[in-house]
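Residue numbering for the sequence shown follows the numbering used here, beginning at 459 and increasing consecutively.
Positions of the beta carbon are idealized from the N, C-alpha and C atoms, including for glycine.
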Amino acid sequence: MKLGHYLVAVQYGDENTSPYFAFLSWENIWHAWGNMQAYALLHTGHILENAQFIDAGLKEVKHFYPFCIEQNYFSEFRLVRNHDSLLLNDLLKFPQISYGIRPMVFASLEAYNITGDETYAILAGRLATWYFGNNPANQVMYDHLTGRAFDGINTASKINYNSGAESTIETLLSIQAIESNPVSKQIVQEYCIKWNLFQDQP
Numbered sequence: 459m460k461l462g463h464y465l466v467a468v469q470y471g472d473e474n475t476s477p478y479f480a481f482l483s484w485e486n487i488w489h490a491w492g493n494m495q496a497y498a499l500l501h502t503g504h505i506l507e508n509a510q511f512i513d514a515g516l517k518e519v520k521h522f523y524p525f526c527i528e529q530n531y532f533s534e535f536r537l538v539r540n541h542d543s544l545l546l547n548d549l550l551k552f553p554q555i556s557y558g559i560r561p562m563v564f565a566s567l568e569a570y571n572i573t574g575d576e577t578y579a580i581l582a583g584r585l586a587t588w589y590f591g592n593n594p595a596n597q598v599m600y601d602h603l604t605g606r607a608f609d610g611i612n613t614a615s616k617i618n619y620n621s622g623a624e625s626t627i628e629t630l631l632s633i634q635a636i637e638s639n640p641v642s643k644q645i646v647q648e649y650c651i652k653w654n655l656f657q658d659q660p
């Protein structure tokens, strides 16, 4: 419980002010890598019937995740105070890795499981399209035939084509979660059909 309250205490912004209810990762820094705060609060809040934890997790999912999608994702930023305002400084777009996407997919699906609101399942599907080319490099990062996943996007024109254990596991966890939810799965399928992905493969 105490750790949960600490997480809630480092949530900043609101629905109209950046960083839109994001949970900071370390001091005044947010990074995408393993950013599981929203999922942890949602899952724990559901088990413990703690409305404060659930509300905090839902706020990040509802407001910050769509902002990330609109901005084509972030790797890291620093939050600084300027008088009465909060500013995003030292904003880095890269690298983008699966370990930054999977936590958002999990949190969105957990939000759906708790609320029954399909908006969250749709959001999870939109996030998962990152693996299928809906990313700054327009690069498919996951091979559905072999299960291979690339390590990350270094720049808008440079992919890390290595395929380490972390990237593979995080990607497969995301895909498995999406495939278990019909709404999310349909969003990904519609994206792949729209862009004629995998049409030449058995």
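* Asked: Can you name the start and end residues of the beta strand (DSSP E) that Asn-592 belongs to?
  -> Where Asn-592 is concerned, there is no enclosing beta strand (DSSP E), given that its DSSP letter is neither H nor E.
* Close Cβ partners of Trp-653 (< 7 Å) along its chain, the five nearest in sequence each way excluded -> Gly-591
* Asked: For the candidate residues Asp-542, Ala-480, Val-538 and Asp-548, whose alpha-carbon lies nearest to that of Pro-524?
  -> Ala-480
* To do: Find the nearest neighbour of Leu-499 within the set Ala-595, Glu-637 and Glu-568, judged by alpha-carbon distance.
  => Glu-568
* To which residues of the same chain is Ala-586 closer than 8 Å at the C-beta, ignoring the five residues directly before and after it? -> Ile-559, Val-563, Ser-632, Ile-633, Ile-636, Ser-642, Ile-645 and Val-646
* Name the residue from His-501, Ala-623 and Ala-614 whose alpha carbon lies nearest to the alpha carbon of Gln-554. => Ala-614
* Between Ala-582 and Asn-547, what straight-line distance do the alpha-carbon atoms span, to the nearest angstrom? -> 27 Å
* Nearest candidate by alpha-carbon position, reference Thr-573, set Leu-465, Leu-516, Leu-603 and Gly-471 -> Leu-516
* Answer yes or no: the CB of Tyr-557 versus the heavy atoms of the ligand HEM, is any distance below 8 Å? => Among the ligands in the structure shown, none appear at all, so the ligand HEM cannot be discussed.
* Asked: What's the C-alpha gap between His-489 and Pro-561?
  -> 12 Å
* Asked: Helix, strand or coil for Gln-659 per DSSP?
  -> In this prediction, Gln-659 has a pLDDT of 48, which is less than 50 and means its spatial position is unreliable; what the coordinates show is noted afterwards. Three-state result, Gln-659: coil.
* Grab the span of the beta strand (DSSP E) containing Gly-471 for me, first residue to last. => 469-472
* Asked: Going by DSSP, what residues sit across from His-489 in a beta bridge?
  -> Glu-534
* Asked: What first and last residue would you give for the alpha helix (DSSP H) that runs through Leu-499?
  -> 495-506
* **Rounded C-alpha distance that separates Ala-579 from Glu-518** => 15 Å
* To do: Return the chain-ordered list of same chain residues with a C-beta closer than 7 Å to the C-beta of Tyr-649, the five sequence neighbours on each side being excluded.
  => Thr-587, Phe-590 and Asn-592
* **Span separating the alpha-carbon of Glu-473 from that of His-521** => 6 Å
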